[in-house]
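Structure first, then comments.
Numbering (this note's numbering), first residue to last: 4 to 188.
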């Protein structure tokens, strides 16, 4: 992609994230966004039709990055989750806004399903194992919701505490799987 396009889209995304910290997406106008990004409206309309398209563009990029990272083979489930965490933290502002904006809950759900499918592929070899899939669904949902909770209550939990707790949650959930813990009765 042309560097000018990347620069313009980066400015628009930064401006959108700045404005989203103050008001909901539906209240942000193209004029206000362009003023904040210091670009003209014509340039905006070359790349996007509406303000929400910028957020969708970010979401698509985040999903693509997560999907690419989660399709690799990892030595341990912890390594897979560390990569997932690294991607989310590299996109901290956008991911935080994604989690805090209930309008975009389906996007958070999509991330959760991506993590679930990656865990199933990594740990089950995509075999159908109902009880194990329930455990992995619980794990994926719990991990994503732990970030949502953290973003909503940053005064209660530090990032280090979040990471440590998530590691313990992963170990506890994996102990429920025959491969990692006690054999099923």
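The beta carbon of each residue, even a glycine, is placed where N, CA and C say it ideally should be.
Next item on the list: Answer yes or no: do residue 12 and residue 50 have a C-beta to C-beta separation smaller than 8 angstroms?
Entry: yes
Next item on the list: Would you tell me roughly how many angstroms separate the C-alpha atoms of residue 145 and residue 28, rounded to the nearest one?
Entry: 26 angstroms
Item checked: Helix, strand or coil at residue 94 according to DSSP, with G and I counted as helix -> coil
Margin query: Please list the terminal residues of the continuous alpha helix (DSSP H) segment that includes residue 162.
Written below: 162-177
Notebook entry, point to check: Exposed or buried, residue 62, counting other C-beta atoms within 10 Å across all chains shown (16 or more means buried)?
Noted result: buried
Check: To the nearest whole angstrom, what separates the beta carbons of residue 180 and residue 147, a pair I think is in contact under 8 angstroms?
Finding: About 19 angstroms separates the two Cβ atoms, so there is no contact after all.
Check: Near residue 100, what residues of its chain come up, given a Cβ to Cβ distance below 7 angstroms and the 5 sequence neighbours on each side ignored?
Finding: 20, 23
Note to self: If you measure between the beta carbons of residue 177 and residue 117, is that distance less than 8 angstroms?
What the structure shows: no
Checklist line | Beta carbon of residue 91 nearer than 8 angstroms to that of residue 173 | finding: no
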